[in-house]
Amino acid sequence: MVKLGRVDKDDADKFLLEIEYKMNELLSNPPSFILPNAIDLLKQIPWIKSLDDNELSKISKIVEIKIFPLNYNFQDELKSHGLGILLRGNVEVSENKSSKVLEIGTVTSFSNSSENKEIISNSPVTMVWIPSNRLQEFDKITTDYKNYFS
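For what it's worth, this note's numbering labels the leading residue of the sequence shown as 5, then goes sequentially.
Right under this line is the structure:
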């Protein structure tokens, strides 16, 4: 705009300083993000909604809820955890040259799948993780998840 004569150099410098100041403020004092209660998040999964509060409370103690950025590859996460359940966002699963986008509540795992399975987020994603060593506990509470595997 300076070249077009709409903003003089002093005003342009002032705008740049204001932008740099705001960026510096955000970097040094990032906004806080409070994750909602685990039970409230779990109630967003269609097949978990039907469980009673006692079962939801038990599940919330077993699972880990994590947020991942755009274009995140879940290969390492799924190998170190037993199951992943999509809670929010958009995730694409590619296996044997075919791909599909997961729906909310879909369960995914690397067990019983080919080595070339790839799961990548297409947007920021919230996932529910069930560690391998707690799968039996989860299975005692609900077996509905077996109908929602990707």
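Built from N, CA and C at the ideal position, the CB exists for glycine as well.
Candidates P34, S61, E81: which alpha carbon is nearest A42's?
If we check each option's Cα against that of A42, S61 comes out closest.
Could you pull the DSSP bridge partners for I71 from this structure?
T130.
Exposed or buried, L39, counting other C-beta atoms within 10 Å across all chains shown (16 or more means buried)?
Burial call: exposed.
Secondary structure at N77, three-state DSSP: helix, strand or coil?
The answer is strand: DSSP assigns N77 an E or B state.
Which whole-angstrom value is the C-beta distance of N94 and V111, which I expect to be below 8 Å?
With a Cβ gap of about 16 Å, N94 and V111 do not count as contacting.
So, for P35: in the same chain, excluding its five sequence neighbours on each side, which residues have a beta-carbon less than 6 Å away from its beta-carbon?
Excluding positions up to five away in sequence, the list is empty.
Hey, quick one: how far does the alpha helix (DSSP H) through E99 stretch, first residue to last?
Careful: E99 lies outside any alpha helix (DSSP H), inside the beta strand (DSSP E) at 95-99.
In three-state DSSP terms, what is S54?
Residue state, collapsed to three classes: coil.
Would you call the CB atoms of S125 and N75 closer than 9 Å?
Yes. Within cutoff.
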